[in-house]
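Read the structure below first, then the notes.
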Amino acid sequence: MDMRTEKVMTLEAAIGKFVCDGAHLSIGGFTVNRNPMAAVYEIIRQGIKHLHLYAHSNGQGVDELIGGGCVANLEIAYGGSGRFAPTCIRFRKAVEHGRIRIEDYSNYQMTLRFLAGAMGVPFLPTRSGLGSSIVHRWGFSGPEREADDRLPDRKLCVIDNPFGDWGEAHKVVLVPAINPDVTIIHVQKADPAGTARIDGLTFADVEQAKAAQHVIVTCEELVPTDALRKNPDLNRIPFFCVDAVVHVPFGAYPTACYRYYDYDPAYLNDYREMALDDDRHKDYLSRFVHGVADHQSFLELQGKERLDKIRADERTGYAVGLDRR
Amino acid sequence: MDMRTEKVMTLEAAIGKFVCDGAHLSIGGFTVNRNPMAAVYEIIRQGIKHLHLYAHSNGQGVDELIGGGCVANLEIAYGGSGRFAPTCIRFRKAVEHGRIRIEDYSNYQMTLRFLAGAMGVPFLPTRSGLGSSIVHRWGFSGPEREADDRLPDRKLCVIDNPFGDWGEAHKVVLVPAINPDVTIIHVQKADPAGTARIDGLTFADVEQAKAAQHVIVTCEELVPTDALRKNPDLNRIPFFCVDAVVHVPFGAYPTACYRYYDYDPAYLNDYREMALDDDRHKDYLSRFVHGVADHQSFLELQGKERLDKIRADERTGYAVGLDRR
Amino acid sequence: MQEYTLREMMAVAAARQIRDGDIVFCGTGISMLAAMAAKHISAPDSVIFFETGAVDSKLEEVPMAVGDPRVMFWTSVNGSLADSFAFMQNPHTGRRVVGIMGAAQIDRYGNLNSTVIGDYGSPKVRFSGSGGACDVASFVNRTIIFMQHEKRKFVPEVDYLTSPGWLDGPDGRNSAGLPPGGPATVITNMAIMGFDKTTREMVLNGIYPGITPKQILDNMGFSVDVAGAREVSPPSAEELRILREVCDPDRLILG
Amino acid sequence: MQEYTLREMMAVAAARQIRDGDIVFCGTGISMLAAMAAKHISAPDSVIFFETGAVDSKLEEVPMAVGDPRVMFWTSVNGSLADSFAFMQNPHTGRRVVGIMGAAQIDRYGNLNSTVIGDYGSPKVRFSGSGGACDVASFVNRTIIFMQHEKRKFVPEVDYLTSPGWLDGPDGRNSAGLPPGGPATVITNMAIMGFDKTTREMVLNGIYPGITPKQILDNMGFSVDVAGAREVSPPSAEELRILREVCDPDRLILG
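Protein chains in written order, with our numbering: chain A, 268 to 592; chain B, 268 to 592; chain C, 325 to 579; chain D, 325 to 579.
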């Protein structure tokens, strides 16, 4: 959090300032939507390593960070990108080859963990996962947890309901809070102080942002403060939660940004094919990530025609009739 | 909850159908804002008794229900109406004379209790109230609680953090869920199926509605479904949570309804004076509540001039320059 | 009779399970198609909603993921993950919810694995993981499960129990602390399975035209009672028209 | 020198406690006025927010309650009670929050009573109750408390501990499980009190012009160390102008 009212900086500066080797990081978005992809590519470009990444179902962003070699540990609910990759490709390879350590939760459990962090409580309760392997199989062992003061001593706790069977529940699972060092989200509109507006579903972005020590907001449009204050009911994150505001049009590309552009099926299909082969994936990284100076250059490499195809229709907020095969 | 898409009814019918003697009720709004006053007056008019009322800081609505003789038990955080009555008058008298039974919580605790009900968990944790009398002094005793299956067996529980000092907390208070039989809220706009839009602060209305078995929504404007679906980001309650939709312009009067009208300082000041004296309060009830057939007649009794004075200014959402002495 | 693919049969079979008044939780892919079809055929007053927070989306095009912007259009409310799972965990709303999901493995009690094949610590195959599946399976009144009918998928014991079904039998969910709902129907490319009300074990309810009980049992890693099975009626012309022309004209999901 | 009321003195004294960068939690009445005045005088980059969920309200008119529609205008975000208390309980944001509140009773450790006088079960006087006061006092980094300087209000022991101060001394909050912040300043119609950093007991910090330490002690139910007290400078002309002309021209709160 930061009380200043002018927090605009370049993406390079924001990532350089707030994301260091070994940082505990969470990114916003869901599967093929509103992942902060420009920031993801910049993290890979800056060669940041050993990240401890928290994700519910962030999909493409998580897969690229793993593929980019940035991730050491992953706490996650879902590694998939819808029909484009029912299981994310580099994620799957990394887990199967033991290149990252992973711990599984459910989407709601991860959401509650971010919410607990946002609320400033050590845990939240749910009935989800009782009787499942999620409760019994830990990715990080008890001794590993006790040795690392950035991890809670237990993955989760099952307790008897101290109120008897109040709420028709005699047991609940308590899931521990997550407080990332930094959360990065991509939004439709932000002002220079960091007030952020999200159009459409917010996923768990708001909870992820409020749980973090530092927040980087990348935005499609950087607008004057008054433009957002005119209707605060649509704003989702107050400026004092935010540390850096970065103006990056198409900052979620190749994932979608509701009312601005759709996901790019061609890119995501090509990515899947390249990600499946280690050599081709190396080429992908050197061409599309390391081979460009910034997101603007990356977009130029895709070409205007491609971006025009995915522009959102005004009525529906997505690209009607887009060829999504 | 109710899956039908046509739930419009009269206020008389809605109260008659969903609010019975002894019901566990919660009402929306905060102090002098967006209390569902038309519904409150209708409850008094229908002579409904022995309500178990849940409130955070609902102010005027709570005070009138108590004054109307409808309330037996009250779980509450705050009985005040801002500068008009730092302590609500009839509330104060009823507690001091032992005419209602009361149990105290904090605003956040009550909010969490509604949220727990909405989430379907038996409790939620907070650090609020540790070391305070709120934890130690119960309004309903252990034996009373155990004899009543509508009350949790404990007011609240203080437990050691099962995750050690994770979240920098070694203890937390668990507050039990509330699941009212019925929640009544007043909103700016609703459609016939019950999708509800709230302009400005939502207070705890959304949690209160989602926690309840039945929900009555009163609204300033009853609008076609498509009018709300055009921008769902502004809608707060999905239609399937709602059982009855009642069109009541000025339904929050004499409390405020953001962007529609302000609170009426003259009414609230008069009310305070009349509430202070038992005989004058009886006259107040027979004239303003029992003496009118419905909210429309009540408003006519106030007169058009009075309502015009409090109409909201378009830019600010309140009555600029209103005489509020 | 019109020709149809098994995938179309599966989508139609699932759609038929959805009733007016159901709140339908949709995962990615064929489950979305089934829910869309049901809205147009038998259950116009069912409500489609997504774990991402979209309630009663107007699906003019089939979404490719539950985070697809298509789910955000013309909804009743656009909320968050926190909101949507609360609707399922809340008993008032949760008991109206039907969840549709898939998995990599299923056992006789309808417990699902969508996490790993092999050891959790060093898996042979890694899948997506739970996503919302564990949550839905934990909370909602009944779930409909899509499976490919293969021996390696219908297993005596799942390698990892991602999403709780009836756990170890009649008292499994209650003793674990879960709400009373659970798996209702398994829809495969050969058959429709249910669960015995008493034992909570999987039973064969319906067989697609041209399939024999033996074929079904040969493709499972455990046996089920086939005595009560009837032939499933094939998709009607109208069901196929809705599926093909209204729901997925580009065959993005029908293939 | 300009004349001023004690109420004006109190509002100015509180406003002076607010620093740039503070997030100011406001209750009803004079605390709102203090926060508004601070924004215009010494702390333009402080942020006023309300438990009702309004962040950085543009207060063109003084609100009469924290639920007043005036707090909803031109904010950064219009949220809910759940949102606003989370900002206070969250250590990242909570440590930047200054809470301003009043009470019916206070003890030497800054514990507050705004619930009842007498027995809780059958009270002699019933007040509003906690509202957000207990929450704010539990969570935030420092609180500023408005009190009328009367013996019955400064008591050896509060009848009901609504809002935790330093509880029973230096280790009180920690052993109860509360975060480390606590009461910083008590502003009365006679004086400004603080709390000793070691003992956490109330001490006299400042005396308004024309008041003696004896008057202060005579109006309290317990004694405090008066050795470190200095005279408080009266409101400046500019402070009074802001208060009277900008913040509360109708004297709704100044009286």
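Quick reminder that beta carbons are idealized off the backbone N, C-alpha and C, glycines included.
Kindly say whether residue i, judged by its beta-carbon, lies nearer than 8 Å to any beta-carbon of chain B.
i, result
"H416 (chain C)", "yes"
"I347 (chain C)", "yes"
"M388 (chain D)", "yes"
"V394 (chain D)", "Here residue 394 (chain D) is Arg; the residue named in the question, Val, does not match the sequence. Yes - at least one Cβ of chain B is within 8 Å of the one on R394 (chain D)."
"E375 (chain D)", "yes"
"S487 (chain D)", "yes"
Check the Cβ of residue i against every Cβ in chain D and list those closer than 7 Å, keeping chain order.
i, result
"P353 (chain B)", "S452"
"D529 (chain B)", "P393"
"F506 (chain A)", "S400"
Report the neighbours of residue i on chain B: residues whose CB is nearer than 7 Å to its CB, in chain order.
i, result
"N402 (chain D)", "G467 and L468"
Residue i and residue j look like a contact to me (Cβ under 8 Å); what is the Cβ gap, rounded to whole Å?
i, j, result
"F285 (chain A)", "V454 (chain A)", "That belief does not hold up - the Cβ atoms of F285 (chain A) and V454 (chain A) are roughly 17 Å apart, past 8 Å."
"Q480 (chain B)", "H416 (chain C)", "6 Å"
"P443 (chain B)", "L441 (chain A)", "Actually they are not in contact, since the Cβ atoms of P443 (chain B) and L441 (chain A) sit about 16 Å apart, beyond 8 Å."
"T462 (chain A)", "N498 (chain A)", "Incorrect: roughly 12 Å between the Cβ atoms, too far for contact."
"T298 (chain A)", "G347 (chain A)", "7 Å"
"A523 (chain A)", "P393 (chain C)", "5 Å"
Run through chain D and tell me which residues come within less than 8 Å of residue i, C-beta to C-beta.
i, result
"R503 (chain A)", "V401"
"R496 (chain A)", "K382, W398, T399 and S400"
What does residue i reach in chain B if we use C-beta pairs closer than 8 Å?
i, result
"A410 (chain C)", "A385, M386, G387 and K477"
"L441 (chain A)", "P429 and F430"
"P419 (chain A)", "F430, G431 and W433"
"C424 (chain A)", "P429 and F430"
Any C-beta of chain D sitting closer than 8 Å to the C-beta of residue i?
i, result
"H437 (chain B)", "yes"
"A414 (chain B)", "no"
"P392 (chain A)", "no"
"R359 (chain B)", "yes"
"A290 (chain B)", "no"
Per DSSP, which one or two residues make a beta bridge with residue i?
i, result
"I347 (chain D)", "D:V371 and D:V421"
"K456 (chain A)", "A:R464 and A:E488"
"F351 (chain B)", "BP columns for F351 (chain B) are empty, so no partner."
"A523 (chain B)", "B:N300"
"E342 (chain B)", "B:Y321 and B:E370"
Determine, using beta carbons only, whether residue i comes closer than 8 Å to chain E.
i, result
"N300 (chain B)", "Absent from the structure: chain E. Protein chains present are A, B, C and D."
Can you confirm whether residue i, when its beta carbon is compared against all beta carbons of chain A, has any partner nearer than 8 Å?
i, result
"Q413 (chain D)", "yes"
"T352 (chain C)", "yes"
"C524 (chain B)", "no"
"G579 (chain C)", "no"
"V379 (chain D)", "yes"
"V371 (chain D)", "yes"
"E481 (chain C)", "no"
"G434 (chain C)", "no"
"A338 (chain C)", "no"
List, in order along the chain, the chain C residues whose C-beta lies closer than 7 Å to that of residue i?
i, result
"E474 (chain A)", "A406"
"Q569 (chain B)", "Within 7 Å Cβ-Cβ: nothing; Q569 (chain B) doesn't reach chain C, min ~34 Å."
Under 9 Å Cβ-Cβ, which residues of chain B neighbour residue i?
i, result
"V460 (chain C)", "Going along chain B, no residue has its Cβ under 9 Å from V460 (chain C), so there is no contact; the nearest lies around 13 Å."
"A444 (chain A)", "F430, W433 and G434"
"V422 (chain C)", "By Cβ distance, chain B contributes nothing, its closest Cβ being about 12 Å from V422 (chain C), past 9 Å."
Which chain C residues are close to residue i, counting only those with a beta carbon under 8 Å from its beta carbon?
i, result
"E363 (chain A)", "P447, K448, V449 and R450"
With a threshold of 8 Å between beta-carbons, can residue i be considered close to chain C, or not?
i, result
"T462 (chain B)", "yes"
"D500 (chain B)", "yes"
"S395 (chain A)", "yes"
Applying a beta-carbon distance threshold of less than 9 Å, which residues of chain D neighbour residue i?
i, result
"I315 (chain B)", "Going along chain D, no residue has its Cβ under 9 Å from I315 (chain B), so there is no contact; the nearest lies around 24 Å."
Just the chain A side, please: which residues come within less than 8 Å of residue i by C-beta, in chain order?
i, result
"P573 (chain C)", "In chain order: nothing, as chain A lies at least about 10 Å away."
Should residue i be counted as a contact of the ligand NAP given a C-beta to heavy atom distance under 7 Å?
i, result
"Y534 (chain A)", "The ligand NAP is absent from the structure shown, which contains no ligands of any kind."
What are the uninterrupted segments assigned as alpha helix (DSSP H) that are 4 or more residues long and contained completely in the region 466–544 of chain C, given in chain order? For secondary structure counted as the alpha helix (DSSP H) over 4 or more consecutive residues, the region 466–544 of chain C holds these complete runs in sequence order: 496–500 and 537–542.
Fully enclosed by the region 409–437 of chain A, which alpha helix (DSSP H) runs are 4 residues long or longer? As summarised for the region 409–437 of chain A, the continuous alpha helix (DSSP H) elements at least 4 residues long and confined to that stretch are 409–414, given in chain order.
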